[in-house]
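Numbering (our numbering), first residue to last: 276 to 689.
Quick reminder that beta carbons are idealized off the backbone N, C-alpha and C, glycines included.
In this text the structure is predicted, and so the values were computed from the model without any measurement.
These notes concern the structure reproduced below.
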Ligand code: NIG
Ligand code: FE
């Protein structure tokens, strides 16, 4: 930035909002290290219109004095299962008594226990029960959240979950993007008939979600206790036929090659990826598929196999980091805590985790050209913090540091 700052405006341009005396952490990719600018930020129509170290000649009256507070892009939680009923504290106890996660799943617990509870809940109950968890994410600076279905596993229950997720926008200032995860587990009524269930997913559930505009993308749990790569590919094909982007729960518990498959379908992200190998990393690098790291599930399942962070760095695969909040493997409604875990468990740097919840998380949602950076023309989705240095997001946990959030220029105070 030069002395007078940057705008994309003609001289007659008007601004409708000014954030003055801000310390902007821009998170623009390509910058080496943190780019922190002492500047004034001018907004127009919910977008960033000018960044200037000097006051611009403008009549803007709507002014928020940031008093030197740190301003980041609003955080983006790019992988959650926020909508569900019940909880699985009992299974947590079973696992600590020695029963593995896979065994609990094979015995009808795990995902299917949550399916039972979620089918019994109404759409409104699902929305209400998710609000408490959403508030946890919001308090950690989240302005956009991805939410998956996957605990309904019938046409009507999957759509119910997606509607419940979208309805959160009526209760809180938040942006929700929805993902159809009908291929999360084989439902009990299709026991030993996974192919027939995939028929239902491809022929009925995906078309219905697409025609009602209830899903932005489609996800599959590609795993021995989920679906094979061949079944995953069928789902990806159906998704693409209906104009929906794809992503995968891949290489979480074993290496089936699901991430490379996701990359072949130009997937937005491959998520978990603890067992990803070099060929998978290269495939993701070539397709621009984001590596979505989920340290909460790694931690809570007490896994030991870590994602191949060094390879991901080497091949320049963008890394996002997300909460994966769900009742079975990641009961954590706090995104900065995941940033801390990303550093302590996966050896990420605080800068990498901050990219992981801003610019790279935006790419994981397919909105990387509009969100996740403080840059001219981007949406004014921002978080304002009582924080001195950006490394602190990954460091101190459990104290209130959020001052305010903005979504498309509209402010809500913490
Ligand atoms: O992201 N891996 C599959 N899905 C979830 C777990 C869901 C559950 O156990 O309820 C995950 O870890
Ligand atoms: Fe997940």
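Would you check if the distance between the CB atom of residue 484 and the CB atom of residue 437 is smaller than 8 Å? Numbered from 1 along the chain shown, position 209 holds the residue referred to as residue 484. Numbered from 1 along the chain shown, position 162 holds the residue referred to as residue 437. In contact: residue 484 and residue 437 (Cβ atoms closer than 8 Å).
Euclidean distance between Cα positions of residue 519 and residue 424: Numbered from its first residue, the chain shown carries residue 519 at position 244. Numbered from its first residue, the chain shown carries residue 424 at position 149. One C-alpha to the other measures close to 15 Å.
Helix, strand or coil: how does DSSP classify residue 315 here? Numbered from its first residue, the chain shown carries residue 315 at position 40. Per DSSP, reduced to three states, the secondary structure at residue 315 is strand.
Are there any heavy atoms of the ligand MN lying less than 7 Å away from the beta-carbon of residue 552, as far as the coordinates show? Among the ligands present in this structure, namely the ligand NIG and the ligand FE, the ligand MN is not found.
Give a yes or no on contact between the stretch 361-378 and the stretch 313-330, applying the rule of three or more CB pairs nearer than 8 Å. Fewer than three Cβ pairs drawn from the stretch 361-378 and the stretch 313-330 lie within less than 8 Å of each other, which leaves the two stretches out of contact.
Consider the C-beta atom of residue 599 and the heavy atoms of the ligand NIG; say whether any pair is separated by less than 7 Å. Locating residue 599 in the chain shown gives position 324, counting from the first residue. A distance criterion of 7 Å places the beta-carbon of residue 599 in contact range of the ligand NIG, judged by its closest non-hydrogen atom.
The ligand FE and residue 356: does any heavy atom of the ligand fall closer than 7 Å to the residue's C-beta? The residue labelled residue 356 in the question sits at position 81 within the chain shown. It does: the Cβ of residue 356 is within 7 Å (strictly closer) of some heavy atom of the ligand FE.
Return yes when at least one heavy atom of the ligand NIG lies under 7 Å from the C-beta of residue 562, else no. Here residue 562 is taken as the residue at index 287 of the chain shown, counted from 1. Flag unset: Cβ of residue 562 not near the ligand NIG.
Sequence-distant residues of its chain with Cβ nearer than 7 Å to residue 573 (five each side left out): Indexing the chain shown from 1 puts residue 573 at position 298. Around residue 573, the same chain offers 549 and 620 as residues with beta carbons nearer than 7 Å, after the five sequence neighbours per side are excluded.
Please determine, among 651, 560, 565 and 516, the residue with the shortest C-alpha to C-alpha distance to residue 524. Numbered from 1 along the chain shown, position 249 holds the residue referred to as residue 524. Sorting 651, 560, 565 and 516 by C-alpha distance to the C-alpha of residue 524 places 565 at the top.
Taking residue 366 as the reference, give the member of 677, 358, 539 and 376 with the closest Cα. As a first step, residue 366 must be located in the chain shown, where it is residue number 91. Restricting attention to 677, 358, 539 and 376, the CA atom closest to the CA of residue 366 is found in 376.
Report yes if the C-beta of residue 524 is less than 7 Å from at least one heavy atom of the ligand FE; otherwise report no. Here residue 524 refers to the residue found at position 249 of the chain shown. In terms of side-chain proximity, the C-beta atom of residue 524 is found nearer than 7 Å to a non-hydrogen atom of the ligand FE.
Can you name, in chain order, every residue of its own chain whose Cβ lies under 6 Å from the Cβ of residue 634, other than the five neighbours on each side? Along the chain shown, read from residue 1 onward, the residue named residue 634 stands at position 359. Result list for residue 634: 302, 304, 647 and 648, in chain order.
Taking C-beta to C-beta, are residue 360 and residue 395 nearer than 8 Å? For this step, residue 360 is matched to residue 85 along the chain shown. For this step, residue 395 is matched to residue 120 along the chain shown. Yes; because the gap between Cβ atoms is below 8 Å, this pair is in contact.
Tell me, please, which residues DSSP counts as bridged to residue 419. The count along the chain shown starts at 1 and reaches residue 419 at position 144. For residue 419, which the question treats as bridged, DSSP gives the partners 351 and 450.
Going by DSSP in three states, residue 329 sits in which element: helix, strand or coil? Here residue 329 corresponds to residue number 54 of the chain shown, with the count starting at 1. Coil at residue 329, not helix or strand.
Is residue 298 closer than 8 Å to residue 345 when the C-beta atoms are compared? Sequence index remark: in the chain shown, residue 345 carries index 70 (1-based). Sequence index remark: in the chain shown, residue 298 carries index 23 (1-based). Cβ atoms of residue 345 and residue 298: closer than 8 Å.
Considering only the beta carbon of each residue, do residue 419 and residue 321 sit closer than 8 Å? Locating residue 419 in the chain shown gives position 144, counting from the first residue. Locating residue 321 in the chain shown gives position 46, counting from the first residue. Residue 321 is positioned such that its CB atom lies no closer than 8 Å to that of residue 419.
Beta strand (DSSP E) runs contained entirely in the stretch 383-428, provided each spans 3 or more residues: Taking only runs of at least 3 residues, the beta strand (DSSP E) segments lying wholly in the stretch 383-428 are 417-423.
With residue 561 as the anchor, note down where its alpha helix (DSSP H) starts and where it stops. By one-based count along the chain shown, residue 561 stands at place 286. Looking at the DSSP string, the run of the alpha helix (DSSP H) that includes residue 561 is 553-562.
Given this structure, state the Cα-to-Cα distance separating residue 682 from residue 488, to the nearest angstrom. Stepping through the chain shown from its first residue, residue 682 is reached at position 407. Stepping through the chain shown from its first residue, residue 488 is reached at position 213. Looking at the two C-alpha atoms, the distance is approximately 22 Å.
Rounded to whole angstroms, what's the CA-CA distance from residue 357 to residue 333? Just pull it up for me. Position 82 of the chain shown holds residue 357. Position 58 of the chain shown holds residue 333. Rounded to whole angstroms, residue 357 to residue 333 spans 43 Å at the Cα level.
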